[in-house]
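Enquirer:
Chains as they are written, first to last, in our numbering: chain A, 5 to 1227; chain B, 7 to 356.
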């Protein structure tokens, strides 16, 4: 059975090529074969001779790959280097080194935190790298059948493969390395390859082996197989290959079409044999990939700036301290006998000043928050954990959830401004669905699109809302008129009356129906129209046309049927998914294409007269293949009665040009349908036919056959001419529209993201038409948009002259820009469509700027036919030019460059192939989760981290500056007010947990409010150094309050009943208490979301301080130093201590409190207002509020589904006004 | 303040599995925790809240301030600076030579007039100004181990430059002990001497845990350079309360230290003669010496600042509250009004 089906496949497919006349020439003129053996072309591969490979220089690396950043040996130096790239870490290293010379604080207090900070970060790196290693191992441990000798093939791990091994790859398997194709299951040695992971192209590519190796198509043949390949050295170029095969004493030149690249997939071919040429890290795919750069988030970079600022403050106050100490020493201090300066005449002011400087430098180091980094690391890991655990981003189909692969970019998610998206596998499922058709001028399959539906619903809603509100004012008549109008529009009326289901669906959300909820019964077929379905078409009046339409659909293709699960339904395979969709559709309509032989196509079709299924055979006379320049394909068939037909399908423009005068009956109606389909993002193909007389056919046949047999360069031209001769005078039947099926939730997601103010760029390897279709389907493009197209004319392309091409592109850019500038007051947005070749030129340095300026002013940008490298290049250019945060999302290996280059790379993990995921920072099972990831988690993480950084700086400044102020009272001698352990515990114990809880749990607005599209708009919150916050003054005030209040209250008179006076230990403990209270209460002012965890941490930290004092004070004085019994004996029993604490906390926080109040009162930010709305329960009492706000905020959005609805509504309203005026 | 019990909208979609009751709660919590959905309270600063908080603050602080101020005012304090007056006329021009000249008698008499009834115990302090006891070099120069263990502990490197003399260690070592304050006071009311209790002026913890009971001064003030006071070598350090008080370094350059207690009431208009020995050299660095006698309250000594600050803060809070109240009444901002959302505002402004 197995054998026979294989045989069948062989016949079907190999015979097909006999028709293929326009097949691209795979064997071009052999380039540079004579280079072989020279530099750069020195590789020699001994096929099937493992013993020869051991010796140098023919010993090549094995097939294992590694994407890890470190290995055991390099981890320490490399990871340390990474750590000390951070400014703060470097500073602390410096401080720790300096502390060995002279230090006012204990050395351990400097070194231990540094070790902890660096250690934790390095452990994090190590764990992340470990996961990379596991993934590599997963890939390396895949198995493939490899020749083990004597014609036996055994399973071998990928990593064990070496150059020269013969492997057998089965259908739907990935190639383990770059292979030279020896033979395939087809007799002519061809095979089909899907290169989605390489270039994102979804159509299958044909590879073909050399004639010489054609016979090696059985396992046994390889027993004696010996050959030598001399070829180029490993290089990243995917589309070139230079080499020779020495086989059976003959030298055969090799070309790219014999090379099967790693990470592409064998399709529609049962098996192939191949020889490994490049393995592991030498493969072209790996060569094409770049090492994952370490990405740093903007906040981290900003943090560096803050650290620089604090560092300069630190330098300044250290300098002040050292100068002050020198001045004191020179003038007064010699008189201070109690200090016993050894040599009063020469106190060596310079030396002591320098020492003082170092001391101060270390002492005021508390200004620089070392634990900030470690806290942020902890917080980010926890945040990543929350992201990973989010049930809303869990895909039940694949059982995968979102994975934050590097946690240090969490907050960057909230900053994304430009989204670069791959198409296939990311936005679309790479699956076509038959959606609509227009036959003989009548459109079937739902006349309305979702935009119309949503718009009409909106209109009706508005009308009703207005009616209720204006009822009393007496102007109802006008409103009723409006209502009538909206129903008067025939199509809308139909929608409202008929498509109740659709409306119900729309009720549940504002979004487009993208087959969500409506489960299609047949995969690839999503068509509903009772006029055609269930064989109802036989009652149509224009039966002949309908039948012809279905026959064209069933016959004009290159597909083949394969056995399906059910007996009466077949499955199909074809070169493009569109054809599959057509075949499935025709099967559904009752024209089942069931067999293809070399010359016969068999249809099982429904006979309209009898209503029974009849098997009919059509003789396939000729097949004029599709190619991108012809944009059409035709078959010439004769039916059972001997009537000869030319059946043609193709792009509408091409078909319309070739219509007969009597074939244009439906052209006008069809054209209007075409445009409405195109607006929906459907891909359309026009169908036409022509009846050919026997005589005409004979005449043409001879010409065509002659052309086909011509050998030489003019062959193509002759064939072209011959087909032109017959593909004319066509009669238009109609158009069929297929949908490139979008992934679940994609339009909604894009809509929300667009409303959140993101710009969305589509980068695809597909051709322009497909890209534009998808643009419409995703609402990235809309009908009233002004589209700019930048492309190279064929003429310029063929000339291949750089200068001319550049000029052409520049001209296009400038004219587009001119249009944009002059039209800028128009409301309609702009869109830019760029071709890959043109893009390559446009991104040259001198016109890059102009191009990007144009592009960044467009609402949406679509780049088609771009290579992986170009994707990366665009990403980099956009990033550099706009300076905004760029997120790239993709699923295949061709997106790896882009993913790595972008500020944030996101990989889709649902599909096969893990390259994108492995290169990414975040992996998502579905595109639609991007919405929640960016809008909820990005928003939260950003706010959390920025609040956290702000607060961290605050608390360290508070502590650090009190140290400095105290210096003023000790003549800059470097005395510390606090006990060393107070200082050590400050960042570690007493203030760390609240700030971590801020970073992990803070939610300024709840997640569902975040998801209301408008909330994310004002998402850029004020960061540090923002002038109008005036925080520095507040902080300063707060510190001064702490300091001065303590000074005036505690000095000089007694501070407790028994006449005791406060000394330095009491002073320090009391002041420190004030700091702990102030700092922890300050965070309570910042936090807006208190769970019991926050409460526990904040108030617990304060309690912890007292516990610490008690425990520390109970230790023997040798250990507790200044803390000895300080609270139990002295300050604890002094009422003044508690009163000072209360006073200082209130006074220090009052300015900040007032500031917050005033800001909320006069200049509330969005999150404030939303908090208030939540607080007043407005969202519950007022149902319409979210909807209304949503609409208000939408007005500024230019792309996305809602924007389209908006545009539609306004056009309706315009029509209404016009109508009213005319009355 | 409103308490938000998680968002029902998001948790609806997930069907809750039936879990045994005892673990149900913890699993539910864990689930909510992971979904960041723990019940939380989200305080919003509404005008009512702000005004109420400020008013409360005011009404709480002002009484405290008044009580504190009253207490502080009830403390009677007499401060008398004597360093300048005690220098004989002949040495007015060169005070340093006066203090350094051991042959000149250092005794001096002050006359203090009690202007208000002073209730026992009355605390006697000496106050030094412009004296940097908090200088790092000075603060460091001591050995706590030696103070506790005496000669048994011989690592006195921290005491530099006063760690040894003539090759013998000094107990107590260091600059602080070396510069011990050594002015003495004798109080006479009318004809009778007022007894000054000089016991229990140091912290108990110091006497018991920081200064050895069996550590006696050794080789102290025997060098060429004599700093301040001398110690009785027969009294253990734990009983040398003057030293213990002195060794508690002050935080600021102007400080008081407890000298003793007068355990009798002083009546208003009592005249007290103070016979003092003006031994301590503050002249070379321009320091001031003051004698302070003060009663004490539950708050300690006389300190109006605390009370005034409380009253000030309280009254400013009330003023602010009134200001906000006025603002709220005259120009109320409807809270949670969507018109304040940024996109709506943009529409208004343009």
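For glycine and all other residues, C-beta sits at the position ideal for the given N, C-alpha and C.
Run down chain B in chain order and give the residues with a C-beta less than 7 Å from the C-beta of residue 1051 of chain A.
Expert: The sequence position of residue 1051 of chain A within the first chain is 1047, counting from 1. Ordered by position in chain B, the residues that pass the 7 Å Cβ test against residue 1051 of chain A are 258.
Enquirer: What are the start and end residues of the beta strand (DSSP E) that includes residue 179 of chain A?
Expert: Within the first chain, residue 179 of chain A is the residue found at index 175, counting from 1. It is not in any beta strand (DSSP E) - residue 179 of chain A carries neither H nor E in the DSSP assignment.
Enquirer: Which word fits residue 180 of chain A, buried or exposed, when buried means at least 16 other C-beta atoms lie within 10 angstroms of its C-beta?
Expert: Walking along the first chain from the start, residue 180 of chain A turns up at place 176. By the 10 Å Cβ count, residue 180 of chain A comes out buried.
Enquirer: Could you name the residues that DSSP lists as bridge partners for residue 1172 of chain A?
Expert: Counting from 1 along the first chain, the entry for residue 1172 of chain A is found at position 1168. Answer by DSSP bridge pairing: none, since residue 1172 of chain A is not bridged.
Enquirer: Counting only the same chain and skipping the five closest in sequence on each side, list residues whose C-beta sits under 7 Å from that of residue 126 of chain A.
Expert: The residue given as residue 126 of chain A occupies position 122 in the first chain. These residues qualify, in order along the chain: 83, 87.
Enquirer: Taking residue 1109 of chain A as part of the alpha helix (DSSP H), name the residues at either end of that continuous run.
Expert: Counted from its first residue, the first chain places residue 1109 of chain A at position 1105. Here the alpha helix (DSSP H) through residue 1109 of chain A covers 1096–1118.
Enquirer: Rounded to the nearest angstrom, what separates residue 262 of chain A and residue 281 of chain A at their Cα positions?
Expert: Residue 262 of chain A sits at position 258 when you count from the first residue of the first chain. Residue 281 of chain A sits at position 277 when you count from the first residue of the first chain. Near 11 Å, if we compare the C-alpha coordinates of residue 281 of chain A and residue 262 of chain A.
Enquirer: Got a sec: is the Cβ-Cβ distance from residue 763 of chain A to anything in chain B below 9 Å?
Expert: Mapped onto the first chain, residue 763 of chain A falls at position 759. Chain B, which has no Cβ nearer than 9 Å to the Cβ of residue 763 of chain A, makes this no.
Enquirer: For residue 186 of chain A and residue 906 of chain A, which I take to be in contact (beta-carbon distance under 8 Å), what is that distance rounded to the nearest angstrom?
Expert: Within the first chain, the letter at position 182 stands for residue 186 of chain A. Within the first chain, the letter at position 902 stands for residue 906 of chain A. Contact between residue 186 of chain A and residue 906 of chain A does not hold, since their C-beta atoms are separated by about 40 Å, which reaches or exceeds 8 Å.
Enquirer: At a CB distance below 9 Å, what residues from the segment 981–1003 of chain A approach chain B? Give them in sequence order.
Expert: 981: these are the residues of the segment 981–1003 of chain A whose beta carbon lies less than 9 Å from some beta carbon of chain B, given in chain order.
Enquirer: Closer than 8 Å by beta-carbon distance: list the chain A residues that pair up with residue 48 of chain B, in chain order.
Expert: The residue labelled residue 48 of chain B in the question sits at position 42 within the second chain. 1092, 1093, 1094, 1175, 1178, 1179, listed in chain order.
Enquirer: Measure the CB-CB distance between residue 1238 of chain A and residue 142 of chain B and report whether it falls below 9 Å.
Expert: Residue 1238 of chain A cannot be examined here, being either before or after the span of chain A that is shown, 5 to 1227.
Enquirer: Who are the near neighbours of residue 360 of chain B in its chain, counting only those whose CB is closer than 7 Å to its CB and skipping five residues on each side?
Expert: Because chain B spans 7 through 356 in this model, residue 360 of chain B falls outside it and cannot be assessed.
Enquirer: Using a beta-carbon distance below 9 Å, is residue 974 of chain A in contact with chain B?
Expert: What you label residue 974 of chain A is simply residue 970 of the first chain in a count that begins at 1. Yes, contact with chain B.
Enquirer: Could you name the residues of chain A that residue 44 of chain B contacts, counting a contact when the two beta carbons are closer than 9 Å?
Expert: Position 38 of the second chain, counted from the first residue, corresponds to residue 44 of chain B. The contacting residues are 1005, 1095, 1096, 1097.
Enquirer: Using a 10 Å radius around the Cβ and a threshold of 16 neighbouring Cβ atoms, would you call residue 1208 of chain A buried or exposed?
Expert: By 1-based counting over the first chain, the position of residue 1208 of chain A is 1204. With 16 or more Cβ atoms within 10 Å of its Cβ, residue 1208 of chain A is classed as buried.
Enquirer: Should residue 227 of chain A go down as buried or exposed, given a rule of 16 or more other Cβ atoms within 10 Å for buried?
Expert: Taking the first residue of the first chain as 1, we reach residue 227 of chain A at position 223. Result: exposed.
Enquirer: Whole angstroms is fine: what's the gap from residue 1089 of chain A's alpha carbon to residue 927 of chain A's?
Expert: Against the first chain, residue 1089 of chain A aligns to sequence position 1085. Against the first chain, residue 927 of chain A aligns to sequence position 923. Near 36 Å, if we compare the C-alpha coordinates of residue 927 of chain A and residue 1089 of chain A.
Enquirer: CA-CA distance, residue 123 of chain B and residue 1048 of chain A?
Expert: As a first step, residue 123 of chain B must be located in the second chain, where it is residue number 117. As a first step, residue 1048 of chain A must be located in the first chain, where it is residue number 1044. The C-alpha of residue 1048 of chain A is placed about 32 Å away from the C-alpha of residue 123 of chain B.
Enquirer: If you scan the segment 658–724 of chain A from start to end, which runs of the beta strand (DSSP E) of 3 or more residues do you find wholly inside it?
Expert: 687–696
Enquirer: Are there 16 or more other CB atoms within 10 angstroms of the CB of residue 1031 of chain A, so buried, or fewer, so exposed?
Expert: By one-based count along the first chain, residue 1031 of chain A stands at place 1027. Interpretation of residue 1031 of chain A is limited by its pLDDT of 37, a score under 50 that renders its predicted location unreliable; no figure is taken from the coordinates.
Enquirer: Between residue 41 of chain B and residue 932 of chain A, what straight-line distance do the alpha-carbon atoms span, to the nearest angstrom?
Expert: As a first step, residue 41 of chain B must be located in the second chain, where it is residue number 35. As a first step, residue 932 of chain A must be located in the first chain, where it is residue number 928. If I take the Cα positions, the gap works out to 19 Å.
Enquirer: Which value, in whole angstroms, describes the spacing of the CA atoms of residue 786 of chain A and residue 755 of chain A?
Expert: By 1-based counting over the first chain, the position of residue 786 of chain A is 782. By 1-based counting over the first chain, the position of residue 755 of chain A is 751. In a straight line, the C-alpha of residue 786 of chain A is about 13 Å away from that of residue 755 of chain A.
Enquirer: Using a Cβ-Cβ cutoff of 9 Å, what residues of the segment 142–158 of chain B are near chain A? List them in chain order.
Expert: Those would be 142, 143, 144, 145, 146, 147, 150, 151, 154, in chain order.
Enquirer: For residue 337 of chain B and residue 1163 of chain A, I'd like the C-alpha separation in whole angstroms.
Expert: The sequence position of residue 337 of chain B within the second chain is 331, counting from 1. The sequence position of residue 1163 of chain A within the first chain is 1159, counting from 1. When rounded, the distance between both Cα atoms is 15 Å.
Enquirer: Taking only beta-carbon atoms, is residue 1032 of chain A less than 9 Å away from chain B?
Expert: As a working mapping, residue 1032 of chain A is identified with position 1028 in the first chain. Summary for residue 1032 of chain A: the model assigns pLDDT 40, below 50, so the residue's position carries little reliability, and this model does not support an answer.
Enquirer: In chain A, which residues lie less than 8 Å from residue 129 of chain B when you measure between Cβ atoms?
Expert: The residue you call residue 129 of chain B lines up with position 123 of the second chain. Those are 1058, 1063, listed as they occur along chain A.
Enquirer: Distance check for residue 277 of chain A and residue 218 of chain A, CA to CA, integer angstroms please.
Expert: Here the question's residue 218 of chain A lines up with position 214 in the first chain. Here the question's residue 277 of chain A lines up with position 273 in the first chain. About 10 Å.
Enquirer: Residue 315 of chain B touches chain A at which residues, Cβ-Cβ below 9 Å?
Expert: As a working note, residue 315 of chain B is residue 309 in the second chain. Neighbours of residue 315 of chain B on chain A, chain order: 1049, 1052, 1053, 1147, 1151.
Enquirer: Return the first residue and the last residue of the alpha helix (DSSP H) that residue 911 of chain A is part of.
Expert: In the first chain, counting from the first residue as 1, residue 911 of chain A sits at position 907. From DSSP, residue 911 of chain A is part of no alpha helix (DSSP H) but of the beta strand (DSSP E) over 908–912.
Enquirer: Go ahead and label residue 666 of chain A buried or exposed: buried means 16 or more other beta carbons lie within 10 angstroms of its beta carbon, across all protein chains shown.
Expert: Here residue 666 of chain A refers to the residue found at position 662 of the first chain. Exposed, by the Cβ-count rule.
Enquirer: If we define contact as Cβ-Cβ less than 9 Å, is residue 25 of chain B a contact residue for chain A?
Expert: For the purposes of this step, residue 25 of chain B is taken as the residue at position 19 of the second chain. Note that residue 25 of chain B scores 43 on pLDDT, short of 50, meaning its location in the model is unreliable; the coordinates nonetheless yield the value given after this. Not one chain A Cβ lies under 9 Å of residue 25 of chain B.
Enquirer: In the DSSP assignment, the alpha helix (DSSP H) including residue 130 of chain A goes from what residue to what residue?
Expert: Indexing the first chain from 1 puts residue 130 of chain A at position 126. Counting along the chain, the alpha helix (DSSP H) containing residue 130 of chain A begins and ends at 111–144.
Enquirer: Quick one, which residues of the segment 395–412 of chain A are near chain B if we go by CB-CB under 8 Å, in chain order?
Expert: 395, 396
Enquirer: Assign residue 518 of chain A to buried or exposed, taking buried as 16 or more other Cβ atoms, counted over all protein chains shown, within 10 Å of its Cβ.
Expert: Position 514 of the first chain holds residue 518 of chain A. Reliability fails at residue 518 of chain A, whose pLDDT of 38 lies under 50, so the model's placement of it is uncertain and no value is given.
Enquirer: If you follow the alpha helix (DSSP H) that residue 565 of chain A is part of, which residue opens it and which one closes it?
Expert: The residue you call residue 565 of chain A lines up with position 561 of the first chain. That residue, residue 565 of chain A, is in no alpha helix (DSSP H); its beta strand (DSSP E) goes 564–566.
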